[in-house]
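Visitor:
There are 4 protein chains.
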Amino acid sequence: MCRFVAYIGKPIMMYDLLFKPKNSLINQSVKAHEAEEPLNGDGFGIGWYTPEANDMPGLFVSVRPAWNDRNLKYIAPKIVSDCMFAHVRAASISPVNELNCHPFHYGNYLFMHNGDIEGFPKIKREMVRHLPENIYANIEGLTDSEHLFALFLHQLEKQRSKDLPTKIANALEDAIVDVEEIKARLKVKEPSYINVCVTDGDTIVAVRYVSDLSLEAPTLYYSEGAAYTCENGICRMKKSKNDFDKAVLIVSEKLTRYRSDWHEIPVNHMVTVNRKLEVNVSVIQRTLNTAAGF
Amino acid sequence: MCRFVAYIGKPIMMYDLLFKPKNSLINQSVKAHEAEEPLNGDGFGIGWYTPEANDMPGLFVSVRPAWNDRNLKYIAPKIVSDCMFAHVRAASISPVNELNCHPFHYGNYLFMHNGDIEGFPKIKREMVRHLPENIYANIEGLTDSEHLFALFLHQLEKQRSKDLPTKIANALEDAIVDVEEIKARLKVKEPSYINVCVTDGDTIVAVRYVSDLSLEAPTLYYSEGAAYTCENGICRMKKSKNDFDKAVLIVSEKLTRYRSDWHEIPVNHMVTVNRKLEVNVSVIQRTLNTAAGF
Amino acid sequence: MCRFVAYIGKPIMMYDLLFKPKNSLINQSVKAHEAEEPLNGDGFGIGWYTPEANDMPGLFVSVRPAWNDRNLKYIAPKIVSDCMFAHVRAASISPVNELNCHPFHYGNYLFMHNGDIEGFPKIKREMVRHLPENIYANIEGLTDSEHLFALFLHQLEKQRSKDLPTKIANALEDAIVDVEEIKARLKVKEPSYINVCVTDGDTIVAVRYVSDLSLEAPTLYYSEGAAYTCENGICRMKKSKNDFDKAVLIVSEKLTRYRSDWHEIPVNHMVTVNRKLEVNVSVIQRTLNTAAGF
Amino acid sequence: MCRFVAYIGKPIMMYDLLFKPKNSLINQSVKAHEAEEPLNGDGFGIGWYTPEANDMPGLFVSVRPAWNDRNLKYIAPKIVSDCMFAHVRAASISPVNELNCHPFHYGNYLFMHNGDIEGFPKIKREMVRHLPENIYANIEGLTDSEHLFALFLHQLEKQRSKDLPTKIANALEDAIVDVEEIKARLKVKEPSYINVCVTDGDTIVAVRYVSDLSLEAPTLYYSEGAAYTCENGICRMKKSKNDFDKAVLIVSEKLTRYRSDWHEIPVNHMVTVNRKLEVNVSVIQRTLNTAAGF
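Protein chains in written order, with full-length UniProt numbering: chain A, 1 to 294; chain B, 1 to 294; chain C, 1 to 294; chain D, 1 to 294.
#1: Is it true that the CB of Pro57 (chain C) sits closer than 7 angstroms to the CB of Leu18 (chain C)?
#2: Tell me, to the nearest whole angstrom, how far the beta carbon of Ala53 (chain C) is from that of Arg3 (chain C); I am working on the premise that it is less than 8 angstroms.
#3: Assuming Ile284 (chain A) and Val205 (chain A) form a contact by the criterion Cβ under 8 angstroms, report the distance between their Cβ atoms to the nearest whole angstrom.
#4: Starting from the N-terminal side, write out each stretch of the alpha helix (DSSP H) that is 4 residues or longer and does not extend beyond the region 95-151 of chain C.
#5: Under 9 angstroms between beta-carbons, which chain A residues line up against Arg70 (chain D)? List them in chain order, please.
#6: Please confirm if the region 80-90 of chain D is in contact with the region 125-136 of chain D, defined as three or more CB-CB distances below 8 angstroms between the two stretches.
#7: Check distances from the C-beta atoms of the region 27-40 of chain A to those of chain B and list, in chain order, the residues that come in under 7 angstroms.
#8: Counting only C-beta atoms, is Ile75 (chain A) closer than 7 angstroms to chain D at any point?
#9: Note down the Cα distance separating Met1 (chain A) from Cys235 (chain D), rounded to an integer number of angstroms.
#10: Starting from the Cα of Glu278 (chain A), find the closest Cα among A:Arg259, A:His154, A:Ser260 and A:Leu249 and give me that residue.
#11: Measuring straight from C-alpha to C-alpha, what distance separates Phe152 (chain C) and Lys31 (chain B)?
#12: Hey, how far is the Cα of Leu39 (chain B) from the Cα of Arg64 (chain B)?
#13: Considering only the alpha carbon of each residue, which of B:Ser62, B:Ser81 and B:Val80 lies closest to Leu72 (chain B)?
#14: For Glu52 (chain D), return the contacting residues in chain A, with the cut-off set at a CB-CB distance below 7 angstroms.
#15: Who does Ile234 (chain B) pair with in a DSSP beta bridge?
#16: Tell me which residues of the region 112-133 of chain D have at least one Cβ-Cβ distance to chain B shorter than 9 angstroms, keeping chain order.
#17: Just the C-alpha distance for Ile26 (chain A) and Ser145 (chain B), rounded to the nearest angstrom, thanks.
#18: Assuming Ile8 (chain A) is part of the beta strand (DSSP E), what are its boundary residues?
#19: From Ala226 (chain A) to Lys239 (chain A), what does the alpha carbon distance come to, in whole angstroms?
#20: When we look at the beta-carbon of Val281 (chain B) and count the other beta-carbons within 10 Å, is it buried (16 or more) or exposed?
#21: Does Asp144 (chain C) get closer than 7 angstroms to chain D when you measure Cβ to Cβ?
#22: Mind checking whether the beta-carbon of Val273 (chain D) lies closer than 6 angstroms to any heavy atom of the ligand ADP?
#23: Would a C-beta distance cut-off of 7 angstroms place Thr166 (chain A) and Asn274 (chain A) closer than the cut-off?
#24: In the DSSP assignment, find the unbroken beta strand (DSSP E) run with Ala206 (chain B) in it and report its ends.
#25: Pick helix, strand or coil for Val267 (chain C), following the three-state DSSP scheme.
#26: Who are the neighbours of Asp42 (chain A) on chain B, taking C-beta pairs under 7 angstroms?
#27: Under 7 angstroms between the Cβ atoms of Ile139 (chain C) and Ala150 (chain C)?
#28: Where are the beta strand (DSSP E) runs, 3 residues long or more, that stay fully inside the region 64-89 of chain C, in chain order?
#29: If Leu148 (chain A) sits next to Val196 (chain A), beta carbons under 8 angstroms apart, how far is it from one beta carbon to the other, in whole angstroms?
#30: For Lys246 (chain B) versus Gly9 (chain B), is the C-beta spacing smaller than 7 angstroms?
#31: Assuming residue 304 (chain D) and Ser94 (chain D) make a contact with CB atoms under 8 angstroms, what is their CB distance in whole Å?
#32: Nearest-angstrom Cα distance between Arg257 (chain C) and Glu37 (chain A)?
#33: For Glu98 (chain D), count the other beta carbons within 10 Å of its own beta carbon; 16 or more makes it buried, fewer makes it exposed. Which is it?
#34: Measuring only between beta-carbons, confirm whether Ser65 (chain C) sits less than 7 angstroms from chain D.
#35: Which one or two residues does DSSP pair with Ala247 (chain B) in a beta bridge?
#36: Just by C-beta distance, which residues in the region 263-281 of chain C are closer than 7 angstroms to chain B?
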């Protein structure tokens with residue numbers, strides 16, 4: 001089912017985020033605790049933002065398990081960033097391959113997914129049918145995730161709002177509506193599990209979504225507060241005293257045992273974190289209606 | 001701790017051996033049942049013999065986990081052989097790397113190991129010090145296992161017996177004695193866990209050894225009988241009716257739940273299978289004495 | 001532009017074919033002689049047929065250059081086959097990736113390509129639009145080559161001839177017609193360079209094709225005779241004395257300097273080699289007409 | 001013979017250094033101009049310094065050719081550093097492997113080599129015999145280069161000078177003397193070609209050395225001036241107006257056609273660049289004497 005971590009806030013070292021927490025993403029690659037399948041050893045990827053290269057994100061992916069990748073151990077300590085994505089994969093249908101590793105990239109956007117659009121092979125061609133050439137050409141792999149990302153990018157071009165966080169949030173919801181509509185049209189009854197995270201480096205939008213509310217949705221949490229810190233092997237989100245230090249984490253499963261640090265995102269809800277690090281949680285109404293239709 | 005499978009007997013397909021049993025080596029790469037650490041995802045390797053290329057073995061290794069390697073799925077069905085080795089790795093100290101994947105190869109020999117020579121860094125240079133140039137030059141990786149293989153090859157050159165199975169068995173025992181003697185000389189008190197398997201394509205010798213009998217040794221089993229067969233998803237060793245079909249398996253853990261199919265190799269014992277597929281189990285006396293000395 | 005070798009005839013060792021000729025495919029991976037771009041270091045692949053596994057082909061691909069792949073050196077001497085494909089890649093648009101390595105595989109078919117369908121991004125979606133689900137689902141990579149293979153597989157299902165070599169040849173021609181028709185319909189004026197080879201293990205069909213005869217087509221040769229042999233470093237096709245030993249090679253460039261060993265396949269012609277190793281060379285009339293139309 | 005680039009000075013983007021010059025290191029990986037063997041496609045590596053992680057260098061290596069590595073294209077634009085090493089490999093004896101890729105790393109040191117210590121297999125064990133445990137344990141690969149680095153690290157511990165640049169320069173010379181002495185002692189007559197570069201992040205020392213002055217030494221150049229800049233596809237070292245912008249490059253071959261930008265380092269000379277970016281060129285006297293002895 002994959003596992004991921006997203007961070008936005010005061011610049012911290014990628015290594016601290018990935019390797020140091022008790023239930024770090026690296027440890028989750030060996031043995032996740034809040035997933036049916038504990039093993040996430042089918043490749044991994046990291047993406048991050050720094051002012052260099054016109055704010056384009058950096059990206060490093062590998063088909064090797066995250067726990068034994070030598071390059072990752074050397075690169076992660078040299079990445080200091082205010083916005084980072086990291087993902088460890090448990091492959092379902094699509095082969096283990098560099099081009100199927102999350103996060104996916106387009107322009108200044110990064111996108112990662114933990115879930116399954118079941119029945120994807122039946123709707124794949126319909127998903128790409130109306131994409132503009134540039135967005136279609138950016139699809140390099142075979143995953144349902146990357147195709148959902150393409151729908152998101154297409155919807156993003158259509159948004160009228162002038163507020164970027166609103167545009168991103170609406171485009172993501174629209175893309176999920178697209179998926180459910182295409183499925184309905186093609187009589188695909190399998191459910192979609194869409195825990196997804198997208199960013200442009202300034203805003204993060206995350207969704208916890210399932211087509212059928214009677215099914216169990218994969219977990220998704222966020223944590224907010226002052227700077228996320230790792231000291232003497234203990235990593236915690238400090239309580240916020242001032243706005244300067246604020247940080248937000250969005251994670252597939254809790255990185256620590258301190259339950260009070262983590263807020264569960266309700267099923268079929270969306271979390272938006274803007275550049276002021278304000279967190280907004282809202283329900284995804286429309287997709288519910290669409291998916292409920294069959 | 002790694003897991004391995006060795007096969008000798010009537011030619012069978014590598015795919016049937018690796019993928020089909022209930023507790024196949026591929027399944028053990030995800031979740032081994034008779035090891036403390038269930039995960040063996042740090043690369044793998046296969047070796048096999050056919051008449052081509054002057055009986056030299058074929059070899060295929062990868063740093064990717066065995067469970068998701070696309071090439072393995074394509075190659076294994078095309079290998080039909082009367083003598084095969086396969087190994088999935090759980091790395092201890094040495095990095096995950098092609099050159100650290102078992103089985104190791106020299107001339108017509110293959111060698112694989114499940115265990116640890118603890119304290120290896122302290123004795124490594126002493127282990128290679130007296131090796132002849134050709135054997136030393138063959139060491140390409142960093143593992144204790146490959147260095148033990150080099151000692152074995154050196155001891156093999158010194159054997160006087162004219163019976164090849166006896167030579168191989170004695171050389172393997174001598175190599176383990178070498179390790180314990182070097183450790184004693186350099187005051188290295190850490191134990192050795194040596195479950196090891198070596199073959200020249202005609203004879204297989206396997207050892208289950210631990211320096212200190214009060215410690216628990218990793219498991220090692222053998223199975224003998226008529227042809228090993230996989231039918232309708234059930235893989236079993238058939239009872240032997242004639243010699244023509246005979247086959248012997250040596251495995252880190254039982255491939256099936258049929259307990260009667262598997263004989264546990266006693267700790268500090270050695271199993272020799274000759275080209276007539278006769279199985280001989282004998283105690284390793286000398287190494288015991290050496291290791292007991294400290 | 002890529003380079004390839006296809007062999008059908010008396011079983012020989014893959015190693016002899018790939019490594020031993022003066023201008024072997026391995027040497028062509030470093031420095032091809034009959035191509036504008038001499039370097040073919042962007043991955044490679046081999047496919048071969050043996051009776052095992054219901055005649056399904058074996059396959060081994062890698063993103064590493066063919067000249068330094070350790071596994072290839074170990075596997076090639078253990079492959080003895082009567083029908084083999086090998087390909088070294090010089091990537092054009094599509095990324096260097098396992099899934100973009102030739103030969104491509106479906107059922108008992110293998111397919112490899114040396115050339116470019118220029119303007120491919122513009123016709124890609126149209127190429128897959130009418131494919132049956134099973135053939136569409138088999139497309140794992142991004143290359144024009146694999147998409148042409150899918151069109152071929154689709155056309156193969158439509159053939160009425162009862163003679164398999166004829167079916168394969170016609171389906172290949174029909175697939176090329178499809179490409180040119182789609183290009184014409186979508187007003188894509190870029191030319192196609194299609195040197196392609198397909199086999200089911202019994203029959204090989206190869207095409208040397210270019211959309212516009214005023215353009216230079218990449219070279220393609222065949223060689224036929226008695227057994228292909230490598231002795232004392234010299235590899236030659238022996239003259240045929242009896243049918244038993246016959247063999248046919250199809251190659252992007254001449255493997256040796258013996259010009260008389262190699263027949264140039266004329267531009268826009270097709271070579272069919274059936275299971276009796278009869279070679280038939282014929283013109284590709286229809287595609288010429290189509291492509292000439294714009 | 002490999003190719004490398006070292007940079008120290010005003011922080012610049014790794015991408016500009018590696019990809020933009022006319023004869024960039026990436027282009028040299030395909031086709032070097034000042035080497036007998038133009039192809040350097042057997043893996044590559046980059047190392048760099050930033051204040052993070054206690055000034056330890058970052059490192060990224062791959063067995064894939066530098067020209068087609070997707071990760072490199074994403075990482076290089078995000079690296080902005082005042083001290084960078086980059087190396088593309090043409091393997092001689094040692095296998096193409098991550099652990100054989102330069103630069104090699106120990107503590108805050110990076111080391112890379114373009115050349116060959118011929119006869120290395122004969123002196124390898126003698127080279128490591130007297131190494132302290134920590135330095136010996138750091139050797140992970142098989143190259144002559146990494147073993148020379150180990151001798152350098154050992155000599156570094158013995159230096160008495162209090163000036164770090166002097167210590168590094170002397171240790172490097174001492175290590176080369178060590179090699180020549182071991183060769184003389186073991187009657188190894190093959191020459192050493194040692195174009196080598198070492199840094200601690202503040203000082204770079206480079207050597208152009210050959211055992212026998214009648215042999216041709218591989219080229220080595222340096223360039224100094226104001227900031228190295230790439231504008232409109234033209235990369236040049238600007239003339240220095242003030243000290244603030246100063247930068248120094250050390251390269252296997254000239255990156256541009258502007259001959260005046262590049263100073264050839266004379267054979268058996270050493271270049272030291274200190275943290276003030278002062279460049280000192282001096283002869284290597286002692287090693288000459290030693291090597292001249294046989």
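C-beta: ideal position from N, C-alpha, C; glycine also.
Guide: Reading it off the structure:
#1: Counted from its first residue, the third sequence places residue 18 (chain C) at position 18. Counted from its first residue, the third sequence places residue 57 (chain C) at position 57. No, they are not a contact pair.
#2: Here residue 53 (chain C) is taken as the residue at index 53 of the third sequence, counted from 1. Here residue 3 (chain C) is taken as the residue at index 3 of the third sequence, counted from 1. About 28 angstroms; that fails the 8 angstroms criterion.
#3: Taking the first residue of the first sequence as 1, we reach residue 284 (chain A) at position 284. Taking the first residue of the first sequence as 1, we reach residue 205 (chain A) at position 205. Actually they are not in contact, since the Cβ atoms of Ile284 (chain A) and Val205 (chain A) sit about 11 angstroms apart, beyond 8 angstroms.
#4: 120-128 and 133-137
#5: In the fourth sequence, residue 70 (chain D) corresponds to position 70, counting from 1. In chain order: Leu59, Val61, Glu98 and Leu99.
#6: no
#7: Val30 and Leu39
#8: For this step, residue 75 (chain A) is matched to residue 75 along the first sequence. Yes, Ile75 (chain A) counts as interfacial toward chain D.
#9: Locating residue 1 (chain A) in the first sequence gives position 1, where the first residue counts as 1. Locating residue 235 (chain D) in the fourth sequence gives position 235, where the first residue counts as 1. C-alpha separation (whole angstroms): 47 angstroms.
#10: Translated into the one-based positions of the first sequence, residue 278 (chain A) becomes position 278. If you compare the alpha carbons of A:Arg259, A:His154, A:Ser260 and A:Leu249 with that of Glu278 (chain A), the shortest gap goes to A:Leu249.
#11: Reading the third sequence from its first residue, position 152 is the one you call residue 152 (chain C). Reading the second sequence from its first residue, position 31 is the one you call residue 31 (chain B). When rounded, the distance between both Cα atoms is 42 angstroms.
#12: Within the second sequence, residue 39 (chain B) is the residue found at index 39, counting from 1. Within the second sequence, residue 64 (chain B) is the residue found at index 64, counting from 1. Approximately 13 angstroms, taken between the alpha carbons.
#13: Along the second sequence, one-based indexing puts residue 72 (chain B) at 72. When only C-alpha atoms are compared, the closest one is B:Ser62.
#14: In the fourth sequence, the residue the question calls residue 52 (chain D) occupies position 52. Chain A residues near Glu52 (chain D): Met13, Pro77, Lys78 and Val80.
#15: Residue numbering aside, residue 234 (chain B) sits at position 234 when the second sequence is read from its first letter. In DSSP, Ile234 (chain B) forms a bridge with B:Glu231.
#16: Pro121, Lys122, Lys124, Arg125, Val128, Arg129, Leu131 and Glu133
#17: Here residue 26 (chain A) corresponds to residue number 26 of the first sequence, with the count starting at 1. Here residue 145 (chain B) corresponds to residue number 145 of the second sequence, with the count starting at 1. Each residue's alpha carbon lies about 27 angstroms from the other.
#18: Counting from 1 along the first sequence, the entry for residue 8 (chain A) is found at position 8. Per DSSP, Ile8 (chain A) belongs to the beta strand (DSSP E) from Arg3 to Met13.
#19: Taking the first sequence and counting its residues from 1, one reaches residue 226 (chain A) at position 226. Taking the first sequence and counting its residues from 1, one reaches residue 239 (chain A) at position 239. Rounded to the nearest whole angstrom, the CA to CA distance from Ala226 (chain A) to Lys239 (chain A) is 5 angstroms.
#20: Translated into positions along the second sequence, residue 281 (chain B) becomes position 281. Looking at its Cβ environment, which holds fewer than 16 other Cβ atoms inside 10 Å, Val281 (chain B) is exposed.
#21: Taking the third sequence and counting its residues from 1, one reaches residue 144 (chain C) at position 144. Not an interface residue.
#22: As presented, the structure is devoid of all ligands, the ligand ADP included, so that no description of it is given.
#23: In the first sequence, counting from the first residue as 1, residue 166 (chain A) sits at position 166. In the first sequence, counting from the first residue as 1, residue 274 (chain A) sits at position 274. Their beta carbons are not under 7 angstroms apart, which means Thr166 (chain A) does not touch Asn274 (chain A) by this criterion.
#24: The residue labelled residue 206 (chain B) in the question sits at position 206 within the second sequence. That run of the beta strand (DSSP E) goes Ile204 to Val210.
#25: Residue 267 (chain C) sits at position 267 when you count from the first residue of the third sequence. In the structure shown, the three-state DSSP call for Val267 (chain C) is coil.
#26: Position 42 of the first sequence, counted from the first residue, corresponds to residue 42 (chain A). Correct list: Asn68.
#27: Residue numbering aside, residue 139 (chain C) sits at position 139 when the third sequence is read from its first letter. Residue numbering aside, residue 150 (chain C) sits at position 150 when the third sequence is read from its first letter. It is a contact, given that the beta carbons lie within the stated cut-off.
#28: 80-88
#29: In the first sequence, residue 148 (chain A) corresponds to position 148, counting from 1. In the first sequence, residue 196 (chain A) corresponds to position 196, counting from 1. The Cβ separation is near 7 angstroms, so the contact holds.
#30: Residue mapping note: residue 246 (chain B) aligns to position 246 of the second sequence, counting from 1. Residue mapping note: residue 9 (chain B) aligns to position 9 of the second sequence, counting from 1. Contact: yes.
#31: Residue 304 (chain D) lies beyond the range of chain D shown here (1 to 294); nothing can be said about it.
#32: Locating residue 257 (chain C) in the third sequence gives position 257, counting from the first residue. Locating residue 37 (chain A) in the first sequence gives position 37, counting from the first residue. Looking at the two C-alpha atoms, the distance is approximately 58 angstroms.
#33: Reading the fourth sequence from its first residue, position 98 is the one you call residue 98 (chain D). Its Cβ being crowded by 16 or more others within 10 Å, Glu98 (chain D) is buried.
#34: Along the third sequence, one-based indexing puts residue 65 (chain C) at 65. Checking the sequence, you will find Pro at residue 65 (chain C) rather than Ser. Pro65 (chain C) counts as touching chain D.
#35: Taking the first residue of the second sequence as position 1, residue 247 (chain B) is located at position 247. For Ala247 (chain B), which the question treats as bridged, DSSP gives the partners B:Gly9 and B:Gly225.
#36: Of all residues in the region 263-281 of chain C, none has a Cβ within less than 7 angstroms of some Cβ in chain B.
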